[in-house]
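Each protein sequence line maps, in turn, to chains S and F.
Mapped onto the numbering used here, the consecutive letters of the first sequence carry residue numbers 1 to 199.
Mapped onto the numbering used here, the consecutive letters of the second sequence carry residue numbers 1001 to 1199.
Just so it is clear, CB atoms sit at the ideal spot from N, CA and C, and this is done for glycine as well.
The structure appears below as structure tokens.
There are 2 protein chains.
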Amino acid sequence: MTSQPDSALHSDVANPSRREQILRAAAQLFAERGSRAVGVDDVGAAVGVTGPAIYRHFASKDAMLAEMLLRISERLLAGGTERIAAAGDDPADQLRALVDFQVDFALDNPALITVQDRDLGALSDPDARRVRQLQRRYVEEWVAVLARLHPDASTAAVRARAHAVFGLINSTPHSAGRLSRPATAALLAEMAIAAATAR
Amino acid sequence: MTSQPDSALHSDVANPSRREQILRAAAQLFAERGSRAVGVDDVGAAVGVTGPAIYRHFASKDAMLAEMLLRISERLLAGGTERIAAAGDDPADQLRALVDFQVDFALDNPALITVQDRDLGALSDPDARRVRQLQRRYVEEWVAVLARLHPDASTAAVRARAHAVFGLINSTPHSAGRLSRPATAALLAEMAIAAATAR
DNA sequence: CGGCGGTGTGAACCGTGGTTAACCTCACCC
DNA sequence: GGGTGAGGTTAACCACGGTTCACACCGCCG
């Protein structure tokens, strides 16, 4: 799951294609200022290129954002499914696996977390629908696990619980900094489990 | 037509001044689409008026947003201080008071919650600084209480914990709907306390 | 060598949207 | 009853930013 010699059309972390560089820089800028507040020129400048050069790699600014959000949702859904499968049958183990996964993702990609819930509304209707569908499927993974831990709770309550746990873990971008990464991870995981299993 | 001579400069909930109507409509629209995506015309239309009419009540669109965010921060800080004072000396009681307060606020004003952390970056530097200062003071109220409950935790850890609890409670806008208000309030409060006191 | 696809540039185009200007109406008041 | 000021309206102004265009550069392949 690390660097392959890139036979498959440049998707390396070490030597990213220009397209990839743009996507990363854009994610960073979008997270800092909001997608509507950053210009195409800003994104270009961030990778050492002028604004219009972007259009050699993306059809439009909106297409850039759409691809960004779709990727995030896909990564989360795929990762969640995988972690659950690897965790065995005990719902408590599955919960811990999901929590660890989400905590790692949030700590590794605070910018993506921020963009995902701030700029979803800037997408075109069809794109927004696809992203929301992926997000919903991911949430349902959590709901299924939480439902087994709270057998007598309504699905509405379980879903609200899932969203609350996301909110807790995704608070990372707000508290970024002072605490060390492993300490933050341990703290968030502990709190998330406590919140998820409360009552 | 609607104007009612209000002894105290029109700040009624039942019969709000035009200025007040605008602020509320704007908060709603900003929450739904983001401040940069809603036009002055949209805000005007929402209160049955044309766009430029806004300028009879606000110096600019940015001034509108600034006043909105400043009020939120002030209400939170004032409310937090008051609830702590009314809760007595036991930090556990103080925590519960803060949690209940924040839960009520979040459930009563999901739009304001959304706008506050999404559009802070759209403020002018001086306005943003004032809002951040008020927010920081509110956070510090929480930190003080949490510190007494976790005597051997670093301030950085306690601050991260506070942000995580905010994230949990402020998840309301995402899970809005299906569950009844009192049920949601009870669930969020329970989870927040569990997360705040975990370990 | 010569064309060709891929990438980048500066200039120009143009819609959108915040803001201002000029004018209107009407309740209120001396 | 005419002046006044608050609050609206429409039309115009203007800056900003996404997008397109025409052109340049360059590595590569036949």
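I'd like to know whether the C-beta of ARG1132(F) is nearer than 8 Å to at least one C-beta of chain S. As a working mapping, residue 1132(F) is identified with position 132 in the second sequence. No, ARG1132(F) does not count as interfacial toward chain S.
I'd like to know whether the C-beta atoms of LEU1120(F) and LEU1069(F) end up nearer to each other than 8 Å. Numbered from 1 along the second sequence, position 120 holds the residue referred to as residue 1120(F). Numbered from 1 along the second sequence, position 69 holds the residue referred to as residue 1069(F). Cβ distance < 8 Å, so LEU1120(F) and LEU1069(F) count as in contact.
State whether the segment 128-138 of chain S contacts the segment 1185-1192 of chain F, with contact taken as three or more CB pairs (one from each stretch) at a distance under 8 Å. Contact between the segment 128-138 of chain S and the segment 1185-1192 of chain F is absent, with fewer than three C-beta pairs closer than 8 Å.
Please list, in chain order, all residues of the same chain as THR1172(F) whose beta carbon is under 7 Å from its beta carbon, the five residues on each side excluded. Counted from its first residue, the second sequence places residue 1172(F) at position 172. The answer, listed in chain order, is ALA1106, LEU1107, PRO1110 and ILE1113.
Compare the C-beta of ARG96(S) against all C-beta atoms of chain F and say whether one is closer than 8 Å. Here residue 96(S) refers to the residue found at position 96 of the first sequence. No, ARG96(S) lies away from the interface with chain F (no Cβ there is under 8 Å from its Cβ).
What separation, rounded to the nearest whole angstrom, lies between the Cα atoms of GLN176(S) and ASP117(S)? Locating residue 176(S) in the first sequence gives position 176, where the first residue counts as 1. Locating residue 117(S) in the first sequence gives position 117, where the first residue counts as 1. For the sequence presented, residue 176(S) should be read as Ala rather than Gln. Distance from the CA atom of ALA176(S) to the CA atom of ASP117(S), rounded to whole angstroms, is 17 Å.
Identify every run of the beta strand (DSSP E) within the segment 1081-1137 of chain F, keeping only runs that are complete inside it and at least 3 residues long; order them along the chain. Those beta strand (DSSP E) runs which fall completely within the segment 1081-1137 of chain F and span 3+ residues do not exist here.
Which same chain residues, not among the five before or five after ASP93(S), have their C-beta less than 6 Å away from its C-beta? As a first step, residue 93(S) is located in the first sequence; it is residue number 93 there, counting from the start. Same-chain partners within the cutoff: ALA87.
Name the chain S residues that come within less than 7 Å of THR1184(F), Cβ to Cβ? On the second sequence, position 184 is the one that residue 1184(F) refers to. By Cβ distance, chain S contributes ALA160.
Could you tell me whether the Cβ of GLY140(S) comes closer than 8 Å to any Cβ of chain F? Here residue 140(S) corresponds to residue number 140 of the first sequence, with the count starting at 1. The question names Gly, but residue 140(S) is Glu in the sequence shown. Chain F, which has no Cβ nearer than 8 Å to the Cβ of GLU140(S), makes this no.
heavy atom of the ligand ATP below 7 Å from HIS163(S) C-beta: Only the bare structure without any ligand can be found here, which leaves the ligand ATP out of the picture.
Enclosing alpha helix (DSSP H) for HIS163(S) [first to last residue]: Translated into positions along the first sequence, residue 163(S) becomes position 163. Run containing HIS163(S): 155-169, per the alpha helix (DSSP H) assignment.
I want to know whether the segment 50-69 of chain S touches the segment 19-35 of chain S - three or more CB-CB distances under 8 Å. Taking 8 Å as the limit for Cβ pairs, the verdict is that the segment 19-35 of chain S does touch the segment 50-69 of chain S.
Own chain residues within Cβ distance below 6 Å of SER7(S), not counting five before or after: On the first sequence, position 7 is the one that residue 7(S) refers to. Unreliable placement is indicated for SER7(S), whose pLDDT of 37 sits below 50; the coordinate value is still reported in the next sentence. Scanning its chain for C-beta atoms nearer than 6 Å, with the 5 sequence neighbours on each side dropped, one finds no residue around SER7(S).
Cβ-based contacts, 8 Å cut-off: residues of the segment 55-81 of chain S near chain F: So nothing in the stretch comes that close.
Looking at the structure shown, is SER3(S) part of a helix, part of a strand, or coil, going by DSSP? Counting from 1 along the first sequence, the entry for residue 3(S) is found at position 3. In this prediction, SER3(S) scores a pLDDT of 35, lower than 50, which makes its location untrustworthy; no coordinate-derived value is stated.
For the segment 1018-1035 of chain F, list every residue whose C-beta sits within 8 Å of some C-beta in chain S, in sequence order. Flagged, chain order: GLU1032, ARG1033 and GLY1034.
ASP89(S): which of ARG129(S), PRO126(S) and VAL145(S) sits nearest, CA to CA? Walking along the first sequence from the start, residue 89(S) turns up at place 89. When only C-alpha atoms are compared, the closest one is VAL145(S).
Who are the neighbours of SER124(S) on chain F, taking C-beta pairs under 8 Å? In the first sequence, counting from the first residue as 1, residue 124(S) sits at position 124. Simply none; closest approach about 13 Å.
Output needed for LEU1179(F): all residues of its chain with C-beta closer than 8 Å, excluding positions within five of it in sequence on either side, in chain order. If you number the second sequence from 1, residue 1179(F) lands on position 179. Correct list, in chain order: LEU1187.
Against chain S: residues of the segment 1169-1197 of chain F by CB proximity under 7 Å: Residues ASN1170, SER1171, HIS1174, SER1175, ARG1178, LEU1179, ALA1183, THR1184, LEU1187, LEU1188, GLU1190, MET1191, ALA1194 and ALA1195.
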